[in-house]
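Participant: Residue numbers (full-length UniProt numbering): 1 to 641.
#1: Using a 10 Å radius around the Cβ and a threshold of 16 neighbouring Cβ atoms, would you call residue 534 buried or exposed?
#2: Looking at residue 648: is its Cβ nearer than 7 Å to the Cβ of residue 350?
#3: Could you check whether residue 99 and residue 77 sit closer than 7 Å to each other, using their CB atoms as the reference points?
#4: Under 6 Å from any heavy atom of the ligand HEM, does the C-beta of residue 517 make it?
#5: Less than 7 Å between the C-beta atoms of residue 385 and residue 500, yes or no?
#6: If you count every other CB in all the chains shown that lies within 10 Å of the CB of residue 415, and 16 or more means buried, which is it?
#7: Give the secondary structure of residue 592 by DSSP, where H, G and I count as helix, E and B as strand, and everything else as coil.
#8: Near residue 381, which residues of its chain fall below 7 Å by C-beta distance, leaving aside the five closest residues on each side in sequence?
#9: In angstroms with no decimal places, state the Cα-to-Cα distance between residue 209 and residue 180.
#10: Taking Cβ to Cβ, would you say residue 475 is nearer than 7 Å to residue 348?
#11: Taking all protein chains shown into account, do 16 or more other C-beta atoms lie within 10 angstroms of the C-beta of residue 594, making it buried, or fewer, making it exposed?
#12: For the beta strand (DSSP E) that contains residue 353, what are its first and last residues?
#13: Is it right to say residue 165 is buried, meaning 16 or more other beta carbons lie within 10 angstroms of its own, or is it exposed?
#14: Tell me the residue span of the alpha helix (DSSP H) that contains residue 532.
#15: Determine, using beta-carbon pairs with one atom in the region 55-72 and one in the region 210-222, whether at least three such pairs fall under 8 Å.
#16: Just curious, the beta strand (DSSP E) that residue 617 is in, first and last residue?
#17: Could you say if the region 390-404 and the region 514-521 meet the contact criterion of at least three C-beta pairs nearer than 8 Å?
#18: Verify whether the separation of the beta carbon atoms of residue 27 and residue 126 is less than 7 Å.
#19: Please classify residue 86: does DSSP put it in a helix, a strand, or coil?
#20: Just mark residue 18 as buried or exposed, buried being the case when its beta carbon has 16 or more other beta carbons within 10 Å.
#21: By the 10 Å Cβ neighbour count, where 16 or more other Cβ atoms means buried, how is residue 443 classified, buried or exposed?
#22: Cα separation between residue 306 and residue 329?
#23: Within the continuous alpha helix (DSSP H) that includes residue 569, where are the two ends?
#24: Which term fits residue 376, buried or exposed, when burial requires 16 or more other beta carbons within 10 angstroms of its beta carbon?
#25: Just to confirm before moving on: does the CB-CB distance between residue 169 and residue 81 stay below 7 Å?
#26: Report the CB separation of residue 526 from residue 571 in whole angstroms; it is logged as a contact under 8 Å.
#27: Tell me the rounded alpha-carbon separation between residue 510 and residue 541.
#28: Kindly list the residues whose CB is nearer than 6 Å to the CB of residue 427, restricted to its own chain and excluding five residues on each side of it in sequence; keep chain order.
#29: If you reduce the DSSP assignment to three classes, tell me which class residue 110 lands in.
#30: Kindly give me the distance between the Cβ atoms of residue 53 and residue 161, rounded to whole angstroms, as I take these residues to be in contact under 8 Å.
#31: What did DSSP end up calling residue 564 once you bin it into helix, strand or coil?
#32: Tell me whether the beta-carbon of residue 545 lies closer than 7 Å to the beta-carbon of residue 523.
#33: Use the C-beta contact count for residue 183: other C-beta atoms within 10 angstroms, 16 or more gives buried, fewer gives exposed.
#34: What are the start and end residues of the alpha helix (DSSP H) that includes residue 412?
#35: Since residue 388 contacts residue 495 with CB under 8 Å, what's their CB separation in whole angstroms?
#36: Where does residue 366 land, buried or exposed, given buried means 16+ other C-beta within 10 angstroms?
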């Protein structure tokens with residue numbers, strides 16, 4: 001505990017403690033001596049009273065005069081502190097008694113010629129024997145010589161006197177002495193503390209000034225200095241603190257200048273990064289629409305071209321063009337998806353849905369690639385329902401399965417489910433090349449491809465797994481990886497289980513594309529290339545298409561033809577004041593009926609999706625895959641095979 005004391009407390013302790021100990025020792029010795037002196041004087045006084053009474057009682061005892069003895073006993077009570085007197089004969093019989101005798105003291109059963117003192121906390125009892133006086137006659141008539149007198153027997157005892165004295169006054173005096181000693185100790189303590197305080201101020205005052213100055217320097221007040229005080233070690237200490245403060249002030253000024261310069265550079269870098277981010281956002285906004293437009297048209301033209309009869313070489317060329325276009329679409333989708341996830345514009349729509357249809361779609365999409373590599377791709381059937389965003393979760397599993405197919409040279413890829421309490425663990429297993437443990441985190445970073453040093457485009461851009469991690473974090477799902485080189489990999493996602501729901505009455509499940517022949521379609525798109533490709537594809541499917549760049553032109557064309565549209569397909573972003581939703585509303589109002597409609601857009605922002613959902617319109621993002629468009633057209637109300 002003393003280690004935590006300050007300098008002043010230690011100085012006061014050193015100054016006060018010796019003086020206090022000395023004062024206590026001296027006072028205790030003095031008080032003890034005085035108490036012993038009073039005790040001795042008290043005993044001597046009591047013995048004097050007893051001897052005086054014994055001498056006065058000698059003749060009365062010899063003669064048996066009780067009255068005289070009683071008067072003597074009563075007279076003795078007039079002395080201070082005497083509380084009781086008893087005179088007994090040699091047989092112990094009481095001849096005179098006066099005052100109060102302490103009954104706690106023992107009663108004498110046998111008298112002896114020796115004096116006795118009995119002391120209790122309240123009473124002092126003195127017992128004095130009464131013996132006859134002897135007179136030595138120095139004559140020749142005596143038959144004894146002086147030498148023989150020493151050997152003579154002691155004279156017979158006549159009786160004894162008992163005197164009881166109260167110790168009250170003696171105790172009061174002792175208490176006064178103790179109180180005086182205590183007061184002396186307190187006065188010494190106070191004086192010592194005053195002296196120690198005075199001395200400690202002289203010692204700790206300069207040290208306190210140094211401490212206050214150091215504290216101010218610690219708070220950043222580098223101009224603080226210690227005034228010159230004392231000499232010797234104290235002067236050396238103050239000079240050292242002042243030098244330290246000067247050096248700290250100089251270092252602080254240098255650091256402040258460096259921080260200001262670094263802050264200026266950082267601000268400039270931040271501004272440059274913000275400008276770069278703004279440019280990136282503008283580029284992605286343009287890519288989201290303008291880059292998707294030609295890709296959309298290209299995909300539709302390729303789909304239409306693939307429906308025609310071609311020579312084997314031409315057919316192989318069309319397939320390669322279609323594969324290249326699909327790769328470009330996937331790369332564009334990955335870039336735009338990662339940018340949307342980083343910008344936090346993706347809002348999940350969590351709801352319960354069955355998992356098996358999703359697994360079936362993924363297996364169907366990835367089976368051609370697996371067959372080309374001679375891989376066995378299987379998805380074990382499950383009846384589980386999960387709670388997630390079906391579109392985003394399908395993207396997660398699709399990326400995992402696609403990666404497994406891409407990096408497995410031979411063997412198989414398996415998608416399996418396991419129930420764990422109220423959660424479902426979906427695993428994508430492969431026996432491919434595997435991933436070293438030190439690279440488990442790196443593969444979830446953008447553009448990292450461990451087994452694609454040549455950056456082959458058929459292996460993607462390295463964005464699949466980063467998208468998977470961001471989507472699992474967005475949905476609150478748990479993603480794990482278990483892999484080692486040469487032993488394959490197991491990617492697992494845990495999702496909450498949900499209770500199965502019955503399909504709403506009158507709902508129809510999606511069917512395989514059927515005959516669209518004779519379907520009257522109203523097509524609105526302000527991009528001539530996209531409009532022409534869509535019109536050509538729909539026409540190849542047997543649809544009757546009325547196409548225009550805006551609603552007015554479309555209404556004029558339909559009025560000339562006298563046709564009523566059975567389906568409306570409109571681009572969302574159009575030239576002028578109206579968007580695709582406005583066009584669909586106006587066409588429905590023109591015909592006075594709820595014509596089935598589909599929105600097509602290159603926008604990937606949440607606002608477009610929200611507006612389409614509020615209007616109850618299905619939304620397809622450009623570039624639209626022809627198979628997906630045809631499947632959607634067959635699922636619209638009123639369409640039957």
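Each residue gets a CB set at the ideal place from its N, CA and C atoms; glycine is no exception.
Facilitator: The relevant details are as follows:
#1: buried
#2: Only positions 1 to 641 of the chain appear in the structure, and residue 648 is not among them; the question remains open.
#3: yes
#4: The ligand HEM is absent from the structure shown, which contains no ligand whatsoever.
#5: yes
#6: buried
#7: Residue 592: coil per DSSP, three-state reduction.
#8: 356
#9: 42 Å
#10: yes
#11: Per the 10 Å Cβ criterion, exposed.
#12: 351-354
#13: Its Cβ being crowded by 16 or more others within 10 Å, residue 165 is buried.
#14: 528-540 is the extent of the alpha helix (DSSP H) around residue 532.
#15: Result no; under three Cβ-Cβ pairs closer than 8 Å.
#16: That residue, residue 617, is in no beta strand (DSSP E); it is neither H nor E in DSSP.
#17: No, the region 390-404 is not in contact with the region 514-521.
#18: no
#19: strand
#20: exposed
#21: buried
#22: In a straight line, the C-alpha of residue 306 is about 17 Å away from that of residue 329.
#23: Unbroken run through residue 569 is the beta strand (DSSP E), 567-571; no alpha helix (DSSP H).
#24: Around the CB of residue 376, fewer than 16 other CB atoms lie within 10 Å, so the residue is classed as exposed.
#25: yes
#26: 7 Å
#27: Caution applies to residue 510, whose pLDDT of 40 falls short of 50 and renders its modelled position unreliable; the model cannot decide the point.
#28: 416, 490, 492
#29: Low per-residue confidence applies at residue 110: pLDDT is 48, beneath 50, and the placement is therefore not dependable, though the value from the model is reported in the following sentence. Reduced to three states, the DSSP call for residue 110 is coil.
#30: That belief holds up - the Cβ atoms of residue 53 and residue 161 are roughly 5 Å apart, short of 8 Å.
#31: coil
#32: In contact: residue 545 and residue 523 (Cβ atoms closer than 7 Å).
#33: By the neighbour-count criterion, in which a residue is buried when 16 or more other Cβ atoms sit within 10 angstroms of its Cβ, residue 183 is exposed.
#34: Where residue 412 is concerned, there is no enclosing alpha helix (DSSP H), although the beta strand (DSSP E) it sits in stretches over 411-420.
#35: 5 Å
#36: buried
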